[in-house]
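Right, one structure below, let's go through it.
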Amino acid sequence: MSKGKFLVFGMALALALASGSAFAGDSDKGQKIFQSKCNMCHSVVQNDKKKKVGPNLFGVVGRKAGTLPSFTKYKGLKGADFVWDDAYLDELLTDSKKFFKKIGGKKSKMVVKTADASKRADVIAHLKTLK
Ligand code: HEC
Numbered sequence: 179m180s181k182g183k184f185l186v187f188g189m190a191l192a193l194a195l196a197s198g199s200a201f202a203g204d205s206d207k208g209q210k211i212f213q214s215k216c217n218m219c220h221s222v223v224q225n226d227k228k229k230k231v232g233p234n235l236f237g238v239v240g241r242k243a244g245t246l247p248s249f250t251k252y253k254g255l256k257g258a259d260f261v262w263d264d265a266y267l268d269e270l271l272t273d274s275k276k277f278f279k280k281i282g283g284k285k286s287k288m289v290v291k292t293a294d295a296s297k298r299a300d301v302i303a304h305l306k307t308l309k
């Protein structure tokens with residue numbers, strides 16, 4: 179690695195560490211990913227009357243999982259007993275099927291696998307802006 183590249187790498191690492199996570203997400207990138215992979219099933223508009231396959235994700239970070247009153251078709255999250263935070267969202271987005279199974283849920287219409295941790299962080303950063 180050249181000295182210049184090394185310096186840039188060092189600064190990027192320092193920035194990532196300073197922001198509290200090695201994968202500080204980029205919400206703009208996350209929004210693009212959301213539009214191509216999540217939008218068809220999830221509205222993000224507050225009090226949206228249009229029904230989609232999945233629950234509205236406005237305000238989802240900090241909300242108790244599986245409890246949006248206007249959504250009555252929870253399967254994977256039925257009876258879930260936790261609040262959505264970075265760690266839970268990361269696990270859900272890594273492999274939703276595996277996640278629902280782990281928490282004792284039923285088979286869900288949501289089947290998402292995101293192997294790239296930085297992409298997951300981007301999507302989570304976007305979800306945090308939905309409030
Ligand atoms: C095929 C439709 C579909 C796609 C695509 C989809 N989801 Fe979902 N999602 C659902 C359904 C259905 C649920 C309800 C889960 C259950 O209990 O079965 C859900 C639940 C969720 C929840 C929990 C909401 C709550 O009220 O607790 C989050 C967060 C979420 N999805 C995020 C995403 C993200 C981010 C993406 C894109 C990477 C995505 N979903 C893609 C259908 C989908």
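Counting in this note's numbering, the sequence shown runs from 179 upward without gaps.
Where is the CB? At the ideal position from N, CA and C, for every residue including glycine.
None of these values were measured; they are calculated from a predicted model.
- If you check the C-beta of Val301 against the ligand HEC, you find a heavy atom less than 8 Å away.
- Assigned with DSSP and collapsed to three states, Lys291 falls in strand.
- Nearest in C-alpha terms to Met288, of all of Thr250, Ala299, Lys275, Ile281, is Lys275.
- The segment 298-308 and the segment 222-239 touch, with three or more beta-carbon pairs separated by less than 8 Å.
- Taking 9 Å as the cut-off, the beta carbon of Cys219 is found no closer than this to the beta carbon of Lys228.
- Assignment of beta-bridge partners to Asp273 by DSSP yields Lys291.
- Straight-line measurement puts the Cα of Ala295 at about 16 Å from the Cα of Gln209.
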